[in-house]
Amino acid sequence: MDYDFTHDIYGAFRAEFSMGHEALGYWLTYELRSRQTVISELLTIISELQNRQRMDYLMEGSEYNLLLSRDEAVVRAHALDSEFEEEQPDDNLVFYDQESTASCGLDDFIEILEGWQQFTSTL
1 MDYDFTHDIY GAFRAEFSMG HEALGYWLTY ELRSRQTVIS ELLTIISELQ
51 NRQRMDYLME GSEYNLLLSR DEAVVRAHAL DSEFEEEQPD DNLVFYDQES
101 TASCGLDDFI EILEGWQQFT STL
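According to this note's numbering, the sequence shown is numbered sequentially starting from 1.
Structure, rendered in structure tokens:
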């Protein structure tokens, strides 16, 4: 998984991830943003997960949710949880759904969060 932290033309923080992990970039950019307190809380929660003090954790966002387990982090768009989920998607839509959900191992997610924390704490 490749990613890059940049600024958009207005100077806002932006995370861009490789194909299959785009949802992580969207979640960082628009859901987490530069909220340093929340980033620190997430790192604490991950530590609790690794120390078996928690089973899992759900952070609900306006468009995407973050689900942390002891093994992985999953970012999933609310749109995928619609009442139409029971219907089989058209084969052409499977690729689009891949942009709406992404997962990675917890160690990789820690690295991403720490990098984002450092990047967004600078002006």
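Glycine is no exception: its CB is placed at the ideal position from the N, C-alpha and C atoms.
In this text, all values refer to a predicted model and were calculated from it rather than measured experimentally.
Rounded to the nearest angstrom, what separates residue i and residue j at their Cα positions?
i	j	result
His21	Trp27	10 Å
Arg52	Arg70	8 Å
Met75	Leu67	What sits at residue 75 in the sequence shown is Val, not Met. About 6 Å.
For residue i, collect the residues of the same chain with a Cβ closer than 7 Å to its Cβ; drop the 5 residues on either side in sequence, then sort them by chain order.
i	result
Gly25	Tyr3, Ala15, Glu16, Phe17
Could you pull out every residue in the same chain whose Cβ sits closer than 8 Å to the Cβ of residue i, ignoring the five residues on either side in sequence?
i	result
Gln36	Gln117, Thr120, Ser121
Helix, strand or coil for residue i, going by three-state DSSP, please let me know.
i	result
Glu72	strand
Ser103	strand
Thr122	coil
Asp108	helix
Please identify the residue among the options whose C-alpha is closest to the C-alpha of residue i.
i	options	result
Ala73	Arg52, Glu111, Gly105, Leu43	Gly105
Tyr30	Gln50, Ala12, Tyr57	Ala12
Ser62	Leu113, Ala102, Arg33, Ile9	Arg33
Met59	Ser47, Gln50, Glu41	Glu41
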